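Below: one structure, written as structure tokens.
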Amino acid sequence: MRLLSVLRDICIRLRSDAQNDRILGLLIANESNRMARELTDSYSDVPAHYGTLSIAPTLLNGQVVKVTIMGDSDGMAYLSDLLKYMAELDVELRNMPDGARAHFPLRPGLQLHELSCEVEICRAEAKGSGELPF
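Just so you know, we're using this note's numbering here: the sequence shown kicks off at 156 and counts up by one.
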């Protein structure tokens, strides 16, 4: 997290230089992907990725009007396994602070097809209280 804040500060200072913006944008994207991999790795019992899966919104006048989930049979089975994993996850046994929620990111080029948008699967109940965010 510290590295991202440093990169953001540098971006603000160098905003006028388009080439530096592009380079720093790539650095931020790489750091974000690294953090996602670390988070994913912290769920050692999560189902292994298999198949091809794409998740993308359809926009109309700048508003999301639907989300399309496409995949081959293995990709759809992988998504099913992930949803079942999150549904059965005992958040009380996870190494996270009270009030936290279990999140699992699906990232383009990692768990999703490159043309997908980033998706986050989140278990709604907070650790400790079971409080729902909605």
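We treat Cβ as the ideally placed atom computed from N, Cα and C, and that holds for glycine.
Since the model is a prediction, treat every value here as computed from it, not as a measurement.
Checklist entry - Which residue or residues does DSSP assign as beta-bridge partners of P212? => result As a working mapping, residue 212 is identified with position 57 in the sequence shown. Answer by DSSP bridge pairing, in chain order: V222.
Next on the checklist: Taking 8 Å as the threshold (C-beta atoms), are E273 and R262 in contact?
Outcome noted: The residue you call residue 262 lines up with position 107 of the sequence shown. The residue you call residue 273 lines up with position 118 of the sequence shown. Contact flag set, yes.
Next on the checklist: Give me the residue from A203, G283, P288 and M241 with the minimum Cα distance to I276.
Outcome noted: Residue mapping note: residue 276 aligns to position 121 of the sequence shown, counting from 1. Looking at the Cα atoms, M241 is the closest of the given residues.
Item to check | G264 to V201 span [Cα, whole Å] | outcome: Residue numbering aside, residue 264 sits at position 109 when the sequence shown is read from its first letter. Residue numbering aside, residue 201 sits at position 46 when the sequence shown is read from its first letter. Approximately 18 Å between the Cα atoms of the pair.
Checklist entry - In terms of DSSP beta bridges, what is V274 paired with? => result Residue 274 sits at position 119 when you count from the first residue of the sequence shown. Under the DSSP definition of a beta bridge, V274 partners with L261.
Checklist entry - Between which two residues does the alpha helix (DSSP H) harbouring A232 extend? => result Locating residue 232 in the sequence shown gives position 77, counting from the first residue. In the DSSP annotation of this structure, the continuous segment of the alpha helix (DSSP H) that includes A232 starts and ends at S228 to E243.
Item to check | Option nearest R256 by Cα separation, candidates K282, Y205, F289 and G226 | outcome: Position 101 of the sequence shown, counting from 1, holds the residue named residue 256. Closest option to R256, judged by alpha-carbon separation, among K282, Y205, F289 and G226: K282.
Item to check | Environment of G230 [buried if 16+ CB atoms lie within 10 Å] | outcome: Position 75 of the sequence shown holds residue 230. Taking all protein chains in view, the Cβ of G230 is crowded by 16 or more other Cβ atoms within 10 Å, so the residue is classified as buried.
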